[in-house]
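Residue numbers (my numbering): 22 to 406.
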């Protein structure tokens, strides 16, 4: 009888999960579910709030939007998000001592720093893997054992900067999507739009992004669509609000009017309805660490209009409709120039297939599992030593 195979023990830790809806939280949830299904790892998920489900643990933290976090941040001169990360890292320590994982996966920078300091003091051997969705420059990640770079351009950037290749792996974000595309019929789309209180008689341009100017450049998208002659497309802006959102609302109201746009914050489980109701997707930001919303839109077969930059080219490939979004009039030109072929069902299926083969969890879960097993082998060797 041969030796019993030891399963790699993996802990995925995310302070904002179950009370924040960013990419970090989506990755943690979907990665946990995909790796449990993949089956070769003993994987647990630790989050900062919410109910305990199978395989999940809670390390309660002060939530960044709470009055306590804001007050503590003012006293300590730190962002309330920093307060949340620090509290989570402290609450996580008993779980680490009890479970003794081989690998801990995080995306939040301050959590990774706190765990690295604690590991050094306790002489634990777990490996610390960071998914670099910040993205954080190499000098801020010297304390971690391995860095998941989300795109090939990101990996090339850090290698050109002199980062050691053995500490970095290009591994895209997995995105939950169906193996095949089920396009709505014209009648189904009309019913869906009516249910969502959206126009049924004009094309819809959808953008999914934080409602701000400084990064997502939602103001650029509004101004570009507003510059088109009537009947221009109806604009659907979906995303989380921040301090710049009131200005975005005011701009959209003045340039597009109430009859030309809607701005909403939508739960993630409702997003598919909006993608299925739309005709065109656009993201106006000129840089992205990954930009999973572009992959989501392609997975629903939508033509995607984006800035011509390395990450966007990497994600969208030959199916992207790209231009220089630093130029006024560029997005308007792309929208006006869309050929009827871009709305052909056959082309929609090609877009879905392109992202499914590269970014679906069906395609990527084995690669995630192999990376974590590789990191764990080093951890076990150090532990025995």
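Backbone N, C-alpha and C fix where the C-beta goes; we use that ideal spot for every residue, glycine too.
Boundaries for residue 160: no alpha helix (DSSP H) harbours it, and the DSSP string shows neither H nor E there.
For residue 255, the enclosing beta strand (DSSP E) covers residues 255-259. Exclusion of the five residues before and after residue 122 leaves 30, 31, 32 and 147 as the residues of its chain whose Cβ lies within less than 7 Å of its Cβ. Taking a 10 Å sphere around the C-beta of residue 342, we find 16 or more other C-beta atoms and assign the residue as buried. Straight-line spacing of the CA atoms in residue 151 and residue 182 works out to 18 Å. Contact between the segment 241-259 and the segment 221-233 is present, with at least three C-beta pairs closer than 8 Å.
The alpha helix (DSSP H) runs of length 4 or more contained entirely in the segment 86-116 are, from start to end of the chain, 88-97. Segment contact: the segment 157-176 against the segment 287-294, fewer than three CB-CB distances shorter than 8 Å; contact not assigned.
Per the C-alpha coordinates, the member of 73, 111 and 395 positioned closest to residue 83 is 111. Per the Cβ contact rule, the segment 311-331 is not in contact with the segment 210-221 (fewer than 3 Cβ pairs under 8 Å). Counted as a single uninterrupted DSSP element, the alpha helix (DSSP H) harbouring residue 177 occupies residues 173-181. Cβ contact annotation for residue 383 (same chain, cutoff 8 Å, sequence separation greater than five): 200 and 377, in chain order. Around residue 307, the same chain offers 238, 328, 330, 346 and 347 as residues with beta carbons nearer than 8 Å, after the five sequence neighbours per side are excluded.
The beta carbon of residue 354 sits closer than 8 Å to the beta carbons of 344 from its chain, once the five residues preceding and following it are set aside; these are given in chain order.
Boundaries of the beta strand (DSSP E) around residue 226: 225-229. In this model, residue 248 and residue 232 are separated by some 20 Å (Cα to Cα).
Counting along the chain, no beta strand (DSSP E) covers residue 47; the unbroken alpha helix (DSSP H) around it starts and ends at 44-59.
Per DSSP, residue 333 is one residue of the alpha helix (DSSP H) stretching across 331-337. Separation of residue 177 and residue 395 (C-alpha to C-alpha, rounded to the nearest whole angstrom) is 21 Å.
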